[in-house]
Amino acid sequence: MPKALYVGIDLAGPANFADTCMAIEWQGKLNIHCGCSDTDILKILAPYLGKTPVFIALDAPLTYQEGGGYRDVDRALRQHLNQHGFAKIGVMAPTMTKMVYLTLRGLRLKECLSALPQTTLFETHPGAALLFSGADYDRVCNIKSNPQALATITDFLKQQIAFKQPITQDHQAMAVAAMLSAKRAALGQVFWQFQSDIVGQPALVL
828 MPKALYVGID LAGPANFADT CMAIEWQGKL NIHCGCSDTD ILKILAPYLG KTPVFIALDA
888 PLTYQEGGGY RDVDRALRQH LNQHGFAKIG VMAPTMTKMV YLTLRGLRLK ECLSALPQTT
948 LFETHPGAAL LFSGADYDRV CNIKSNPQAL ATITDFLKQQ IAFKQPITQD HQAMAVAAML
1008 SAKRAALGQV FWQFQSDIVG QPALVL
């Protein structure tokens, strides 16, 4: 396929841009941007739009279940994780209190990104994607609280794509993992995917 831009976004709620990180791979080179607002994300993408295919995987709910609760895609991912012994990996409903602001931002960003030329959008779960790509279960579970776990996951990611930019927080690592999911989806090499019946829901890919 022609050269493409691969993008992973670890999204945070609209009041917490500091924890939003974006990883982009262009022609084998990786750059990580943090503290991204929606406007920042669109500005970073702007030079590529209309010139090359863009594949974006977002770590955020991009739809919600009418009436609240878990979507079919959430239930399918939970089942898939449980079947492989990964019960400690969290899957939360988009309308949960701690998720609702993230969901609102995800919906808004989906609307903006879906309108961009030559852009394909996916939803992803970076923690699950790391596990199915071979990362250590305990390290993935403890990446937020354990610096050694973060270092181990960083080394694991560098086996899949070379980069020199330091990883100092889990959001950066998750953005890179999301980007790798976008790349696998573009190349038809996903570990797992699920297409929801919910209108407007992009495929969930790992």
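According to this note's numbering, the sequence shown is numbered sequentially starting from 828.
A virtual CB, placed ideally from N, CA and C, is assigned to each residue, including glycine.
Neighbourhood of residue i by C-beta, 6 Å cutoff - its chain only, sequence neighbours within 5 removed
| i | result |
| --- | --- |
| L872 | none |
| E893 | none |
| Q906 | none |
| T947 | F882 |
| F990 | L857 |
| K937 | L889 |
| T847 | L838, A839, C863 |
Rounded distance between the beta-carbons of residue j and residue i, thought under 8 Å
| i | j | result |
| --- | --- | --- |
| L929 | L876 | In fact, because the Cβ distance is near 25 Å, the residues do not count as touching under 8 Å. |
| Y964 | F913 | 7 Å |
| T890 | G1027 | 6 Å |
| V1032 | A884 | 6 Å |
| I859 | V1003 | 7 Å |
| R898 | S1023 | 6 Å |
| Q945 | T879 | 7 Å |
| R935 | D865 | 7 Å |
Own chain partners of residue i with C-beta closer than 7 Å, once the 5 adjacent residues on each side are dropped
| i | result |
| --- | --- |
| D886 | I836, D837, L838, T951, H952, P953, M1001, A1005 |
| D997 | I970, K971, L977 |
| W1019 | H907, F959, L1033 |
| E852 | Y833, I988, M1006, K1010 |
Reduced DSSP secondary structure (H/G/I, E/B, other) of residue i
| i | result |
| --- | --- |
| M849 | strand |
| F844 | helix |
| V967 | helix |
| Q999 | helix |
| F983 | helix |
| T866 | helix |
| V900 | helix |
| F913 | coil |
| M1006 | helix |
| A839 | coil |
Bridge partners - residue i, DSSP secondary structure assignment
| i | result |
| --- | --- |
| V834 | I851, I883 |
| T930 | DSSP, once it has assigned bridges, lists no residue as partnering T930. |
| L908 | In the DSSP output, where bridge partners are listed per residue, L908 has none listed. |
| V1017 | Paired residues: none, contrary to the question. |
| N858 | I851 |
| V1032 | T951, Q1020 |
| T946 | V881 |
Identity of the residue in the options nearest residue i by Cα
| i | options | result |
| --- | --- | --- |
| N909 | K925, T866, F959 | F959 |
| A956 | A1012, E938, D899 | A1012 |
| A920 | A1009, D901, V1003 | D901 |
| A842 | G862, Y833, G895 | G862 |
| S941 | A1009, M926, F1018, P1029 | P1029 |
| G961 | V927, G855, L984 | L984 |
| A831 | G840, P874, V918 | P874 |
Same chain only: Cβ atoms within 8 Å of residue i, ignoring 5 sequence neighbours per side
| i | result |
| --- | --- |
| V967 | I916, G954, L957, L958, A976, I980 |
CB contact below 8 Å: residue i versus chain C
| i | result |
| --- | --- |
| H860 | Absent here is chain C; the protein component of the structure consists of one chain. |
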